[in-house]
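Student: One structure is given below, represented as C-alpha cells, and several questions about it will come after.
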C-alpha cells in the first residue's frame, strides 16, 4: 500500500533550488533508505514529508505530496506531524526527565491520565529497546543518558505518539558502532508496524536495513530500486560511481 | 628592542589601575552611606511618619509609597512586556518593520527618565485624568522599564535552542504549546532576572515620579491608587535640597534604606538566576 505519493516535487529556499522534480512512492511496512552526498537534498526531502521545511521563512514548494491519498498541505499540521514522526541527526533530549521526554507528545495531544501515560511510556521505551536500561532512571534528566541511549530515547519519544511513518535523519551520525547496531536493530523490528524513511550518510547502513534505496544527487532523485538491485546492478552511472566511492 | 616582560608589566599596571578606578568609588559610596546612615536606622525610623517638617521621625510613608508604586509598575509592565517579547521573538515575521520595532525598543531603554516623567504627566495625569496618583506613577515607571523587560525576555526566549522547538513541533505540538510548555519554562529565569532588575531601576528613579505621583510631604499612607504617595528617591531629594537644617544622618539613613532595597532586589535576581542555572538540563 502506498503511504506517501510524491509527484514532481520542487523545493526552493530563497534562490537555492534544493529539490528538482522528485517523484517517488513510499509503501507501508518497508524501510526506504535515502543515500547521497552532502547537499544532495536528502534531508530536505525528509523534512518535506512532515512539513518541517515550512519553518524556514523563504521556503517555496511545487508539485504534490500525498499522505494516505490526501494532499499534505490540506492536513492539519499537528495531525500530520503526529502521524509522521521524526528522529533527528543528533540526539536532542528535551531538558526534562526521561519520563517527561517520552510523555511530552502524548500530553500535548491531551492525554491527562497518569496511569495511561505510564503505560504509553513503558511501551515506547520497550519498543526502542531502552526500557531495561532506564526503567530505574525514569526521573533522571534525560541528558544524563549516554549518546546511544539518548538517540533511542528520541526514537521512543517519537513512537509514543503512535505515528504511522517514522522519518530518520541520519540517526546514527553521532553514534559509535555498538549504539548504531542497537538503533538499526530497533529499526528492523519497527518496520513490521511502521513505514520508515531513513536518510543516511552511511551507504553500508542503507544496504543493511533498507528494503528499497533511493540515490539523491544535487537535488535530483537519480535512481530508486530494491536495495539489492541498486547495490549490485545500478542502472545509472552516477549511482555506480557514488557506490564505488569515486565521489562522496 | 621592546622587552616583552616590561611591556607586559606596563599593560598589567594600566589594566589594574582601570579596575581600581572603578572599584574604589563604588566601595567609597557604600562605605560612606553605611557609615553616615547606619546611626539613623532604628525601628522608629523605619516605621514612623516624618515629623517636625521632616527633620525628625521616620520614613515609613516613603517606604510604603515606593513599594506600592513599584509593585504597580511591575503588575503593568511584566505581563505586557512578556507578551510583547513572545510576539516579537516567536511570531513576528523577520522583516524590515519588525527589525525597526526591535531597534526602537532597545533604544527606548536609553531615553532619559525625565522624558518618561513628562510623558506620564501629559498622558496619565492630564489626558487620561488619573491625576497625580499612584496609578499615574506606576504606569509611567512601568512604561519606563518596559524596554528592559522586553529586551531581556526576548534574549531569554531566543536563548532556548531552536532544536528543542523543532523536536516539539515534530511531535505534533502546536506552536503555542511549544512556547507554553517548552520555551517559556526554559526562559523563565532570564525573564525573572530582567524583571527584578527593572524593579530595582524603577525603585531608584526620581524623575518619572516627580510629576506623576510623588508627594512633597504626606504624613499618612495612601488609601487608594488614585492617592498621591511619598517615595524614597523623591523624599531623599526633598530633604537634601528643599528643607533646611535636616540632620545629615536622616539623609544618609534614607539613602541607605533605598540602597538596601535596590541591592536586595538585585540579590534576589542573582539567586533566582543561580538556582535556575543549576536546574538547567542542557
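Chains as they are written, first to last, in my numbering: chain E, 417 to 664; chain W, 31 to 312. Ideal Cβ positions, reconstructed from N, Cα and C, are used throughout, including at glycine.
Can you check the segment 454-506 of chain E for any beta strand (DSSP E) of at least 3 residues that lies completely inside it and give the ranges in chain order?
Tutor: You should have 475-483 and 500-503.
Student: State the DSSP-derived secondary structure class of residue 36 of chain W, mapped to helix, strand or coil.
Tutor: Here residue 36 of chain W sits in helix by DSSP.
Student: Who are the near neighbours of residue 647 of chain E in its chain, counting only those whose CB is closer than 8 angstroms to its CB and skipping five residues on each side?
Tutor: The answer, listed in chain order, is 623, 629 and 659.
Student: Please determine, among E:618, E:634, E:585 and E:602, the residue with the shortest C-alpha to C-alpha distance to residue 432 of chain E.
Tutor: Per the Cα distances, E:634.
Student: Using DSSP bridges, identify the partner residues of residue 441 of chain E.
Tutor: BP columns for residue 441 of chain E point to E:421.
Student: Output, in sequence order along the chain, the residues in the segment 477-501 of chain E whose CB is closer than 9 angstroms to any CB in chain W.
Tutor: Within the segment 477-501 of chain E, the residues whose Cβ lies closer than 9 angstroms to some Cβ of chain W are 493, 494, 495, 496, 497, 498, 499, 500 and 501, listed in chain order.
Student: Alpha carbon to alpha carbon, how far is residue 194 of chain W from residue 217 of chain W?
Tutor: Going from the Cα of residue 194 of chain W to the Cα of residue 217 of chain W covers about 13 angstroms.
Student: Note down, in chain order, every chain W residue with its Cβ under 9 angstroms from the Cβ of residue 573 of chain E.
Tutor: Neighbours of residue 573 of chain E on chain W, chain order: 197 and 201.
Student: Hey, quick one: how far does the beta strand (DSSP E) through residue 641 of chain E stretch, first residue to last?
Tutor: Per DSSP, residue 641 of chain E belongs to the beta strand (DSSP E) from 636-642.
Student: Need the endpoints of the beta strand (DSSP E) that residue 628 of chain E sits in, please.
Tutor: It spans 628-633 - the beta strand (DSSP E) in which residue 628 of chain E sits, taken as one unbroken run.
Student: Distance, Cα to Cα, residue 34 of chain W vs residue 42 of chain W?
Tutor: So the two alpha carbons sit approximately 12 angstroms from each other.
Student: If we cut at 8 angstroms on Cβ distances, does residue 219 of chain W have a partner in chain E?
Tutor: No, its Cβ sits nowhere closer than 8 angstroms to a Cβ of chain E.
Student: Taking all protein chains shown into account, do 16 or more other C-beta atoms lie within 10 angstroms of the C-beta of residue 496 of chain E, making it buried, or fewer, making it exposed?
Tutor: That one is buried.
Student: Against chain W, does residue 468 of chain E count as a neighbour if the rule is that its beta carbon must be under 8 angstroms from one of theirs?
Tutor: So yes, residue 468 of chain E belongs to the interface.
Student: Determine, using beta carbons only, whether residue 313 of chain W and residue 184 of chain W come nearer to each other than 8 angstroms.
Tutor: Residue 313 of chain W is absent from the model: chain W starts at 31 and stops at 312.
Student: Can you pull the chain W residues whose beta carbon is under 8 angstroms from the beta carbon of residue 473 of chain E, in chain order?
Tutor: Here the neighbours are 123 and 124.
Student: Would residue 449 of chain E and residue 655 of chain E qualify as a contact pair, given that the criterion is a beta-carbon distance under 8 angstroms?
Tutor: No; because the gap between Cβ atoms is not below 8 angstroms, this pair is not in contact.
Student: Which residue from E:430, E:592, E:515 and E:529 puts its Cα closest to that of residue 547 of chain E?
Tutor: It is E:515 whose Cα lies nearest to the Cα of residue 547 of chain E.
Student: To which residues of the same chain is residue 609 of chain E closer than 8 angstroms at the C-beta, ignoring the five residues directly before and after it?
Tutor: 445.
Student: Run the CB neighbour count on residue 467 of chain E, radius 10 Å, all protein chains shown included, and call it buried at 16 or more, exposed below.
Tutor: Looking at its Cβ environment, which holds 16 or more other Cβ atoms inside 10 Å, residue 467 of chain E is buried.
Student: Anyone know if the C-beta pair for residue 663 of chain E and residue 453 of chain E falls short of 8 angstroms?
Tutor: Cβ distance < 8 angstroms, so residue 663 of chain E and residue 453 of chain E count as in contact.
Student: Cutting at 7 angstroms between CB atoms, please list the residues of its own chain near residue 422 of chain E, excluding the five before and the five after it.
Tutor: Hits under 7 angstroms: 438, 439, 440 and 481.
Student: Taking Cβ-Cβ distances shorter than 8 angstroms, what residues in chain W pair up with residue 661 of chain E?
Tutor: The premise fails here: residue 661 of chain E is roughly 32 angstroms from chain W at the closest Cβ pair, so nothing lies under 8 angstroms.
Student: Got a sec? Which residues, its chain only, sit under 7 angstroms from residue 90 of chain W by beta carbon, not counting five neighbours each side?
Tutor: If we look at residue 90 of chain W and ignore the five residues flanking it on each side, its Cβ neighbours are 76, 77, 78 and 79.
Student: Using a C-beta cutoff of 8 angstroms, does residue 525 of chain E count as contacting chain W?
Tutor: So, interface residue.
Student: Where does residue 49 of chain W land, buried or exposed, given buried means 16+ other C-beta within 10 angstroms?
Tutor: Label assigned to residue 49 of chain W: exposed.
Student: How would you write the range of the beta strand (DSSP E) that residue 611 of chain E sits in, first residue to last?
Tutor: That run of the beta strand (DSSP E) goes 611-615.
Student: Contact criterion: CB-CB distance below 8 angstroms. Does residue 43 of chain W meet it with respect to chain E?
Tutor: So, not an interface residue.
Student: Where residue 175 of chain W and residue 228 of chain W are concerned, what is the direct C-alpha to C-alpha distance, given to the nearest angstrom?
Tutor: Straight-line Cα distance between these residues: approximately 6 angstroms.
Student: Taking DSSP as the reference, what is the three-state secondary structure of residue 584 of chain E?
Tutor: Residue state, collapsed to three classes: strand.
Student: Please say whether residue 40 of chain W and residue 287 of chain W have beta carbons closer to each other than 8 angstroms?
Tutor: The answer is no: Cβ separation not under 8 angstroms.
Student: Is the Cβ-Cβ distance between residue 147 of chain W and residue 240 of chain W less than 8 angstroms?
Tutor: Yes, these two residues count as a Cβ contact at 8 angstroms.
Student: Mind checking who residue 427 of chain E pairs with in its DSSP beta bridge?
Tutor: DSSP output for residue 427 of chain E lists E:435 and E:477 as bridge partner(s).
Student: By the criterion of Cβ-Cβ separation under 7 angstroms, what are the contact partners of residue 510 of chain E in chain W?
Tutor: Going along chain W in sequence order, the residues near residue 510 of chain E (Cβ under 7 angstroms) are 194, 197 and 212.
Student: For the beta strand (DSSP E) that residue 448 of chain E lies in, which residues bound it at each end?
Tutor: Taken as a continuous stretch (DSSP letters only), the beta strand (DSSP E) holding residue 448 of chain E covers 447-451.
Student: Hey, would you say residue 606 of chain E sits closer than 8 angstroms to residue 543 of chain E, going by beta carbons?
Tutor: In this structure, residue 543 of chain E lies closer than 8 angstroms to residue 606 of chain E by Cβ.
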